[in-house]
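Sequence order for the protein chains is A and B. Count along the first sequence from 1, then add 284; that gives the number in the working numbering. Count along the second sequence from 1, then add 284; that gives the number in the working numbering. Using N, Cα and C, we set each Cβ at its ideal position, and we do this for glycine too. Predicted model only: the values in this text are computed from it and were never measured.
2 protein chains.
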Amino acid sequence: MLSKKAQYAFRALSTLVRRDLARRNEQNAPESSAFDAPTSISNMVQIHPMSTKFLETILLDLKRGGILGSKKGKGGGYYLLKHPDDTPLAQVIRILDGPIAPLPCVSLHFYERCHDCNEAVCGLNRLMAEVRDANLAVLEQRTLSDLAVHPEGAAASA
Amino acid sequence: MLSKKAQYAFRALSTLVRRDLARRNEQNAPESSAFDAPTSISNMVQIHPMSTKFLETILLDLKRGGILGSKKGKGGGYYLLKHPDDTPLAQVIRILDGPIAPLPCVSLHFYERCHDCNEAVCGLNRLMAEVRDANLAVLEQRTLSDLAVHPEGAAASA
DNA sequence: TCTTTTTCCCATCGGATAGGTAGGAATTAA
DNA sequence: TTAATTCCTACCTATCCGATGGGAAAAAGA
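1) If you measure from the beta carbon of S287/B to each beta carbon in chain A, is any gap under 8 Å?
2) Tell me, which residues are paired with T323/B by DSSP?
3) In this structure, what does DSSP give as the bridge partners for S429/A?
4) Using a Cβ cut-off of 8 Å (strictly closer), state whether N393/A contacts chain B.
5) Could you pull out every residue in the same chain whose Cβ sits closer than 7 Å to the Cβ of D345/A, ignoring the five residues on either side in sequence?
6) Can you tell me the Cβ-Cβ gap for A290/A and V376/A, rounded? I've got them flagged as a contact below 8 Å.
7) In angstroms with no decimal places, state the Cα-to-Cα distance between R295/A and R302/B.
8) When the Cβ atoms of the region 388–395 of chain B are set against those of the region 380–397 of chain A, are three or more pairs found closer than 8 Å?
9) So is E414/A in contact with chain B if we call contact Cβ pairs under 8 Å?
10) On the DSSP bridge list, what partners appear for K355/B?
11) Whole angstroms is fine: what's the gap from D426/B's alpha carbon to D417/A's?
12) Short of 6 Å in beta carbon distance, which residues of its chain neighbour G360/B, apart from the five on each side in sequence? Order them along the chain.
13) Could you tell me which of I351/A, Y363/A, G357/A, S326/A sits nearest to L373/A, measuring between CA atoms?
14) Looking only at its own chain, which residues have a Cβ that is under 7 Å from the Cβ of V329/B, when we skip the five neighbours before and after it?
15) Taking buried to mean at least 16 other C-beta atoms within 10 Å of its own C-beta, is P368/A buried or exposed?
16) Is L411/A near D430/B, with beta carbons less than 8 Å apart?
17) Short check: CB of V415/B to CB of E414/A, under 8 Å?
18) Check whether chain B comes within 8 Å of R426/A, counting only Cβ atoms and requiring the distance to be less than that.
19) Answer with buried or exposed for A404/B, where buried requires no fewer than 16 other C-beta atoms within 10 angstroms of its C-beta.
20) In this structure, how does DSSP classify P372/B when only helix, strand and coil are distinguished?
21) Starting from D416/A, trace the alpha helix (DSSP H) both ways and give me its first and last residue.
22) According to the neighbour-count rule (16 or more other Cβ atoms, all chains shown, within 10 Å of its Cβ), is Y395/A buried or exposed?
23) For a contact defined as C-beta to C-beta under 8 Å, what are the partners of H434/B on chain A?
24) Helix, strand or coil, according to DSSP, for A328/A in the structure here?
25) Does the beta carbon of S354/A come closer than 8 Å to any beta carbon on chain B?
26) For Y292/B, which of helix, strand or coil comes out of DSSP?
27) Would you say V422/A lies against chain B (beta-carbon separation less than 8 Å)?
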């Protein structure tokens, strides 16, 4: 299960993505994220109500994780460092929740040796690697852009 | 990530599966699990070293979950209620760790409404349902039998 | 009947983690 | 100078994870 951190992160990111895509559209500037339109925490909380302080720590994590940039002071806030298409959901989850794999011994980014089994012949290892791959097939393919897409062109936000 | 409970469960189950399959093979009795060959906790711990007391609670969970049967007293122990082919890994995980889905609002067996989003238009909901399906494609298909299979006919256990 | 071996049940416990809060320093724009 | 913002450190509380202890109940064998 995703932690609250990851869930809130996706909420906040969906706001940033929608703004980012809208700006690109109106400015007809498909390349490189601009640094001029940061969104403040208080702004994000207005759109998706949640604890301001908690969101603060989450956005800091996303910044340290290389997904967001920030601008301090009046008019400051956070912005996407890359095009939404270029940040897979897997990256967000790894930053906030750690490993995606169901076992440390099959994790790609957080590997830890399994001390009481031989990985080459361990049935569980092999099966959980399958599960990991099934997850990654979705989470590395889907990106922040997909967060903002609504199937039937519905208007409400989420 | 799987809990230790689930990991230990799979270890213990792999012992039961191997015994079960071996017995079926030598007795040439393909139908219905026999009730005459229970394996005790102390026996399982000898094969896969772990806390006896902890394994006790795990096996009790598996029994309540409908996977194992038990026999008390001298010569007693636990045994599979069904053919190993007929217990998907998903069932084991649900008993010990709860939901497989990454969010309660996309869980099939542990569904909980998502109070601050409209599921019909929530981008995250839709994406996490994809993740859930990718997981289930493996975990409902693979069974206890797959736990006991070693790819290259290696001899060591795991 | 008595003893041994087992499952079964209930209570507890220490440490870690999740989720969230508090207070203030540093930076920036107006 | 002031107001708005990010940034940083520390803390807090409740829950859960992993594990243990002490028996009661059942069954088999001597």
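So, from the listed chains and residues:
1) no
2) Y362/B
3) Looking at the DSSP assignment, S429/A forms no beta bridge with any residue, so it has no partner.
4) It should be pointed out that residue 393/A corresponds to His in this sequence rather than to Asn. No, H393/A lies away from the interface with chain B (no Cβ there is under 8 Å from its Cβ).
5) I379, L380
6) Under the criterion of beta carbons closer than 8 Å, A290/A and V376/A qualify as touching, at roughly 7 Å.
7) 47 Å
8) no
9) yes
10) Under the DSSP definition of a beta bridge, K355/B partners with G361/B.
11) Here residue 426/B turns out to be Arg, not Asp, going by the sequence shown. In a straight line, the C-alpha of R426/B is about 14 Å away from that of D417/A.
12) P322
13) I351/A
14) T336, L339
15) With 16 or more other Cβ atoms from the protein chains shown falling within 10 Å of its own Cβ, P368/A counts as buried.
16) yes
17) no
18) Chain B, which has a Cβ nearer than 8 Å to the Cβ of R426/A, makes this yes.
19) exposed
20) The answer is strand: DSSP assigns P372/B an E or B state.
21) Reading off the sequence shown, one finds Arg at residue 416/A, where the question assumed Asp. Note, R416/A: alpha helix (DSSP H), 407–423.
22) Exposed is the label assigned to Y395/A, since fewer than 16 other Cβ atoms lie within 10 Å of its Cβ.
23) Under a criterion of Cβ atoms nearer than 8 Å, the residues of chain A adjacent to H434/B are, in order, V405, G407.
24) The amino acid at residue 328/A is misidentified as Ala; the sequence shows Met. Three-state DSSP puts M328/A in a helix.
25) no
26) helix
27) yes
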